[in-house]
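Here is the structure we will look at.
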Amino acid sequence: EPILSEGQEETVAQLADYILTHELTILQAQDDSLVRFCETSQRRIILRRARGIAPSIHPAMASPNGPDLLAMGADMKASFGLRSNGQYVLSQRLGELGHLPAQVQFKKALKHLNKLCAARPEAILADLHPGYFGRMMAQEMADDQNLPLYAIQHHEAHFAALLGEQNLIEDAGEVLGVVWDGLGYGRDGHIWGGEFFRLVNNSFSRVDHLSYFPQLGGENMALDPNYAAIAWAGDLAKVQRLLVNKVEKSKLNTLLQVRKNARIKTSSVGRLFDAVSALTGLCATQQYEGQAAIKLEAAARNAYNKYGQVEGYPLASLKQNLIDDIGQIPDELIALKFHQSLVNWMAEIAQKQGVKTIACSGGCFQNALLVDLIQQSLGGEFKLVFHEHLAPNDENIAYGQLIHYALTQEFVGVKNIKNTAVCA
């Protein structure tokens, strides 16, 4: 939820003996910004753009000219973006739009910043997911104001955000976009999250992805790492034995049965992190978002400090080899080998695509060890591009939507035009 700013004294009364208030009205409430640094490379990773960083105008980023636009971003780590009077203005993080207080704060901030910028949007951009609050709000606004609505695929927006932030638009065709996160609605109706993109003739082309595995239990899969473990590796007998003492028997049997007939699949690297964390016993239950992945990263960092860089698992047999190692070698070493396997996979796809520039976006690149390993392993062969001014997570989606629109609808800096954006 967004930070409390006014009229919520009763909400916090049970948390404190006294509440200090002030007569001045808080127009724009903001959380504290949050950053971390990679241990080896000291690269800064922004986790949350808020106080001191946002809202902000970004002249240093690519700012294609054109009519005013409003980009609604995504529902997780919600933020919005405006192209107004030739300037790109990005809001602060406003919470998760699945919660009513965040929806109220989102609307309030949008109204305030839109008025401040004197914006007159001629089109509205939103996520492809039809169930997102931001998408439904965008549809309502578009209908009321008789404006076109462009629905933009989540991971394409991530890639576009990095192309714009690092001024790679003119050379975008030579860049491999690597977008790894928890979830995003895919163009094929499945849940994406382990994607590789190229920009070809003004079209975002999905050139490879993590092999699909079942999406189990809807949102429960993001909350319970055991769901991810069953979904990814439940077909292996050893996995069923590992989970029999962690998941109630009837529930386990039900999930295994559902797994066989699951219609919705996922390519999510985020869920893959959850699965490995659960299978190694590092995190069986999550008490906060990302806990399973955080524990897996911490274990892998411990192993890296002990053993240095290690070989990853063969990509073709990642699942079987990783499961075989459980109980045979330290869990933290399995975690490190898993991280290195992902780095090797990235290099394999880049070589297959014949590119020399790799651009990484998505929530998985909040993982500082993963970023360090990528730089250590691939820095000599490839030009590596990461976010510097934006968070790699969904906060960058709004800016990515603006750049995506410029590339696919306005054809900025690229010839041989082909339109792929979905106009709702």
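Just remember that the working numbering sits 55 ahead of the position in the sequence shown, which is counted from 1. Backbone N, C-alpha and C fix where the C-beta goes; we use that ideal spot for every residue, glycine too.
| Out of Arg103, Gln342 and Gln221, which has the shortest C-alpha to C-alpha gap to glutamine 147? | The count along the sequence shown starts at 1 and reaches residue 147 at position 92. The shortest C-alpha separation from glutamine 147 is found at Arg103.
| query | What is the rounded straight-line gap between the Cα of glutamine 342 and the Cα of glycine 244? | reply | Position 287 of the sequence shown, counted from the start, is the residue given in the question as residue 342. Position 189 of the sequence shown, counted from the start, is the residue given in the question as residue 244. Going by the C-alpha atoms only, they are around 29 Å apart.
| Quick one: is methionine 222 buried, meaning 16 or more other Cβ sit within 10 Å of its Cβ, or exposed? | The residue given as residue 222 occupies position 167 in the sequence shown. Note that residue 222 corresponds to asparagine in the displayed sequence, not to methionine. Classification of asparagine 222: exposed, given that the 10 Å Cβ count is below 16.
| message | Spatial neighbours of tyrosine 359 within its chain, please: C-beta separation below 6 Å, excluding the five flanking residues on both sides. | response | If you number the sequence shown from 1, residue 359 lands on position 304. Excluding sequence neighbours, tyrosine 359 sits near Leu391.
| Distance, glutamine 97 Cα to arginine 91 Cα | Residue mapping note: residue 91 aligns to position 36 of the sequence shown, counting from 1. Residue mapping note: residue 97 aligns to position 42 of the sequence shown, counting from 1. Going by the C-alpha atoms only, they are around 9 Å apart.
| said: What does the alpha-carbon distance come out to for the pair valine 404 and phenylalanine 214? | reply: Translated into positions along the sequence shown, residue 404 becomes position 349. Translated into positions along the sequence shown, residue 214 becomes position 159. For the sequence presented, residue 404 should be read as isoleucine rather than valine. Roughly 16 Å between the two C-alpha positions.
| message | Once DSSP output is grouped into helix, strand and coil, what is the label at cysteine 93? | response | Translated into the one-based positions of the sequence shown, residue 93 becomes position 38. Looking at cysteine 93 - three-state DSSP - the assignment turns out to be coil, as it is neither helix nor strand.
| message | Beta-carbon within less than 7 Å of alanine 538's beta-carbon, same chain only, minus the 5 sequence neighbours each way: which residues are those? | response | In the structure as shown, the chain begins at 56 and stops at 479. Residue 538 is therefore absent and cannot be evaluated.
| query | How close, in whole Å, do the beta carbons of methionine 116 and glutamate 229 come, if the pair is a contact with beta carbons under 8 Å? | reply | Walking along the sequence shown from the start, residue 116 turns up at place 61. Walking along the sequence shown from the start, residue 229 turns up at place 174. With 8 Å as the limit, methionine 116 and glutamate 229 do not qualify as a contact, their Cβ atoms being about 19 Å apart.
| Alpha-carbon spacing of methionine 401 relative to glutamate 303, whole angstroms | The residue you call residue 401 lines up with position 346 of the sequence shown. The residue you call residue 303 lines up with position 248 of the sequence shown. Using only the alpha carbons, I get a separation of about 37 Å.
| said: What ranges does the alpha helix (DSSP H) occupy inside the stretch 281-362, keeping only unbroken runs of at least 4 residues that lie completely in it? | reply: 292-298, 304-316, 324-334 and 346-362
| task | Within its chain, find whatever has a CB closer than 7 Å to the CB of aspartate 130; leave out the 5 residues flanking it on each side and keep chain order. | result | Taking the first residue of the sequence shown as position 1, residue 130 is located at position 75. The residues are Glu151, Leu152, Gly153, Tyr187, Phe188 and Gly189.
| task | Spell out the partners DSSP gives valine 255 in its beta bridges. | result | As a position in the sequence shown, residue 255 is number 200, starting the count at 1. BP columns for valine 255 point to Ser258.
| message | Looking at the strands, I want to know which residues DSSP matches up with valine 230. | response | By 1-based counting over the sequence shown, the position of residue 230 is 175. In the DSSP assignment, valine 230 forms a beta bridge with Thr412.
| Are the CB atoms of phenylalanine 252 and aspartate 263 nearer to each other than 7 Å? | Counting from 1 along the sequence shown, the entry for residue 252 is found at position 197. Counting from 1 along the sequence shown, the entry for residue 263 is found at position 208. The answer is no: Cβ separation not under 7 Å.
| field | Bridge-paired residues (DSSP) for histidine 264 | value | Here residue 264 refers to the residue found at position 209 of the sequence shown. Glu250, per the DSSP bridge assignment.
| What are the start and end residues of the alpha helix (DSSP H) that includes serine 88? | If you number the sequence shown from 1, residue 88 lands on position 33. Run containing serine 88: none; DSSP gives neither H nor E here.
| field | Nearest-angstrom Cβ-Cβ length linking leucine 373 and serine 322, presumed shorter than 8 Å | value | Locating residue 373 in the sequence shown gives position 318, where the first residue counts as 1. Locating residue 322 in the sequence shown gives position 267, where the first residue counts as 1. That pair is no contact at about 14 Å.
| Under the three-state DSSP convention, the category tyrosine 240 falls into | Indexing the sequence shown from 1 puts residue 240 at position 185. Looking at tyrosine 240 - three-state DSSP - the assignment turns out to be strand.
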